[in-house]
Each structure stands twice: as C-alpha cells, then as structure tokens.
Amino acid sequence: MNNSLPKLLVTGGNSQLACALRSHPAATVSTLVSCTKEQLDITHTPSIKRAIKRYQPDIIINTAAYTAVDKAEKNQKQAMQVNDIGAKNLALICEDHHILLIHFSTDYVFDGSQAHAYQEIDSTNPINVYGLSKWLGECAIRQHASQHIILRISGLFSEYGNNFLKTILHLAHKKNELQIVYDQITCPTYAGDVATVLFHMMKKLDHFGTYHYCNTPSTSWYDFAIAIMKEARKYSVLPLKKIHSITSAQYAALANRPTCSNLNCDKIYHDYGIAQSSWQQHVTHVVRKLFL
Ligand SMILES: NC(=O)c1ccc[n+]([C@@H]2O[C@H](COP(=O)([O-])OP(=O)(O)OC[C@H]3O[C@@H](n4cnc5c(N)ncnc54)[C@H](OP(=O)(O)O)[C@@H]3O)[C@@H](O)[C@H]2O)c1
Numbered sequence: 002m003n004n005s006l007p008k009l010l011v012t013g014g015n016s017q018l019a020c021a022l023r024s025h026p027a028a029t030v031s032t033l034v035s036c037t038k039e040q041l042d043i044t045h046t047p048s049i050k051r052a053i054k055r056y057q058p059d060i061i062i063n064t065a066a067y068t069a070v071d072k073a074e075k076n077q078k079q080a081m082q083v084n085d086i087g088a089k090n091l092a093l094i095c096e097d098h099h100i101l102l103i104h105f106s107t108d109y110v111f112d113g114s115q116a117h118a119y120q121e122i123d124s125t126n127p128i129n130v131y132g133l134s135k136w137l138g139e140c141a142i143r144q145h146a147s148q149h150i151i152l153r154i155s156g157l158f159s160e161y162g163n164n165f166l167k168t169i170l171h172l173a174h175k176k177n178e179l180q181i182v183y184d185q186i187t188c189p190t191y192a193g194d195v196a197t198v199l200f201h202m203m204k205k206l207d208h209f210g211t212y213h214y215c216n217t218p219s220t221s222w223y224d225f226a227i228a229i230m231k232e233a234r235k236y237s238v239l240p241l242k243k244i245h246s247i248t249s250a251q252y253a254a255l256a257n258r259p260t261c262s263n264l265n266c267d268k269i270y271h272d273y274g275i276a277q278s279s280w281q282q283h284v285t286h287v288v289r290k291l292f293l
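Positions 2 to 293 (this note's numbering) are the ones given, in order, by the sequence shown.
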C-alpha cells in the first residue's frame with residue numbers, strides 16, 4: 002500500500018453496510034468505490050478480476066453475502082455458493098494481487114450455549130445453514146488470504162435495506178398487535194457505527210485477523226422492538242398498540258438461532274482502542290431519520 006489514502010473496493014453495493022460505508026463522512030469518491038452484485042459477482046471469478054483491474058484497490062471490503070437466515074435452510078446451495086465459495090474466490094484473488102481483504106461475519110457461527118460473551122478464540126458451532134456457510138467462508142479466508150481482517154458483528158440495523166428495526170416500523174403501520182421472541186438475546190448493532198469502526202481500523206491497520214464488534218447492551222428481540230416503538234411513538238400515532246412476548250418455540254422459525262451469542266469486544270478495544278457504543282442512541286437516530 003502506498004502512503005496516500007488506500008483505495009477501497011466495496012462488494013455487495015446495495016447491502017446495509019455498503020450504504021453505510023458510502024454515506025460515511027470519512028468516505029470520499031476518489032477513495033471508495035462500491036459495486037453491486039451485477040457489477041461484481043463474488044461467485045464469479047472473472048467478474049472479480051475485471052473489477053480489480055478496473056479499480057486497482059488496495060483493500061477489498063466484502064459486504065456481499067446471502068443473509069436470509071430462514072431461506073438459507075431451504076436454499077443451502079445458494080447460501081454456500083455466496084458465503085463460502087464467494088469468500089474463497091475473493092481470498093484467492095486478494096492473495097494473488099496483494100490486496101487486504103476485510104470481510105464480515107456473524108455471531109451465528111456460535112451455538113449460543115455459552116454463559117458468557119464469546120471471544121474470538123472460542124469454539125464455533127453453527128446451528129443453522131447461514132451460520133455454517135459464514136463459518137466456512139471465514140475458514141477459506143484464513144486459509145487463502147494472508148492479509149485479512151474478519152469482523153464478526155451481530156443484529157445489524159440501519160436506515161437502509163431490510164432489517165428488524167425497519168420491519169417493526171413497517172408492521173407498526175399495518176397491525177394492532179405483534180408477537181416477538183423474548184428468549185433470544187442479541188446485541189443490536191448499527192451499520193453506521195460499524196462503518197465508523199472500519200474507517201478507524203483502516204487508519205491504523207497494525208493488527209489483522211479475526212475481531213468482534215457489536216453495540217451494547219445485550220437485549221432480547223422483544224425488548225429491542227419495545228425500544229424501537231418507544232422512539233417511533235414520538236413521531237406518529239401508530240396502529241400498533243401491543244407487542245406480546247413469545248418463545249422461539251412458539252415462533253417456530255425455519256432456522257434455529259443461538260439463544261445468546263453476545264460477542265466479547267475486548268480484543269478490538271485492546272488492539273485498536275475501539276469501544277462499544279450503545280444501540281439506544283443509534284435507534285433514536287435511525288427512527289428519527291426514517292420519520293422526518
Ligand atoms: N444483517 C445482519 O443482521 C447481520 C448480522 C451479522 C453479520 N452480518 C454480515 O454483515 C455483512 C453485511 O450484511 P448486510 O445486512 O449489510 O447485508 P444485506 O443488506 O443483506 O446485503 C447483502 C448484499 O449482498 C449482495 N449479494 C448477494 N450475493 C452476491 C454475490 N454473489 N455477489 C455480490 N453481491 C452479492 C446482495 O445483492 P442482492 O440484494 O442484489 O441479492 C445484497 O446487496 C454480511 O457479511 C452479513 O453476513 C449481517
């Protein structure tokens with residue numbers, strides 16, 4: 002990498018994270034280019050090579066993924082193709098071209114049975130197809146790309162794309178009552194904050210490997226929905242009057258999900274000085290943005 006600002010190529014250009022990276026104050030048109038699936042398909046090697054030849058990046062930030070957790074149970078092949086083979090393709094090409102690969106993974110690589118938050122060194126044991134495909138993608142990157150950062154994050158929300166916060170707001174306009182699970186604990190994490198974390202890391206880049214980052218504190222999906230609605234009611238009188246708490250068994254989603262897969266974020270604090278921010282302030286910001 003030369004002394005000027007590194008050139009960044011972002012895959013999965015319509016993802017929540019790509020949108021957050023593009024609209025971040027630290028992103029400039031001359032240093033960051035993002036490609037949609039049509040422009041750069043990570044499952045198709047010639048398509049990756051074409052984009053690299055055209056943009057000559059120092060760093061590839063891979064936000065492209067198959068993220069439909071329940072659908073992945075039925076579309077196993079597609080999920081593996083993108084999350085495992087796609088990650089491997091990028092790793093091999095990055096190695097050939099001496100490009101740093103920054104990749105995102107998930108708390109769903111863990112089974113959620115551990116009593117305390119997961120560290121990067123803890124054993125993984127995915128309990129759904131999505132988690133397995135992301136884990137295999139991580140392994141491929143560790144095996145093939147000597148220069149990489151894998152950032153595991155959880156419960157992503159933002160003003161962009163599809164996510165839990167936007168689904169709750171959408172349903173709040175249409176339904177009087179909702180049922181949300183209370184026995185799955187997560188750390189909701191704002192995509193804009195992940196973008197800030199990434200730009201901070203890229204200024205320093207003196208440690209590589211696997212890192213965890215999420216917002217704090219941990220909460221159930223039920224309590225997260227309550228917090229979202231509390232903000233939303235500041236802006237509008239909505240049809241949604243009652244949210245009922247139910248168990249995962251009652252909800253019966255296609256994919257199993259970890260009961261509690263909180264990520265321990267000590268390592269990123271130790272190596273990069275990055276502290277976790279609270280999701281509540283980000284919910285306030287996103288809901289405000291969506292209503293005003
Ligand atoms: N969402 C979460 O709660 C969450 C939690 C933990 C970790 N993560 C990880 O964080 C990263 C970003 O998640 P996100 O929620 O921002 O993603 P997202 O909004 O679901 O977007 C994923 C993007 O990947 C694109 N894509 C799919 N297949 C592709 C391919 N073969 N080549 C290029 N692009 C392809 C999709 O394009 P199309 O829409 O055109 O198919 C979509 O724009 C992913 O690695 C995800 O696994 C997400």
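Cβ coordinates follow ideal geometry from the N, Cα and C atoms, glycine included.
As the structure is a computational prediction, the values presented were derived from the model and not from experiment.
Should Lys-135 go down as buried or exposed, given a rule of 16 or more other Cβ atoms within 10 Å for buried? buried
What separation, rounded to the nearest whole angstrom, lies between the Cα atoms of Lys-231 and Tyr-119? 30 Å
Going along the chain, which unbroken runs of the beta strand (DSSP E) with 3 or more residues stay wholly within the stretch 195-278? 210-213 and 243-247
Where His-99 falls: helix, strand or coil (DSSP): coil
Any idea if Pro-127 is buried or exposed, counting beta-carbon neighbours within 10 angstroms, 16 or more meaning buried? buried
Work out the CA separation of Thr-64 and Phe-105 for me, nearest whole Å. 6 Å
How many Å lie between Ile-51 and Thr-44 at the Cα? It should be pointed out that residue 51 corresponds to Arg in this sequence rather than to Ile. Computed Cα separation, rounded: 13 Å.
Would you call Arg-234 buried or exposed, if buried means 16 or more other Cβ atoms sit within 10 Å of its Cβ? exposed
Apply the 10 Å Cβ neighbour rule to Phe-292 and answer buried if 16 or more other Cβ atoms are within range, or exposed otherwise. exposed
Helix, strand or coil at Thr-68 [DSSP, three-state]: coil
Between which two residues does the beta strand (DSSP E) harbouring Ser-35 extend? 33-35
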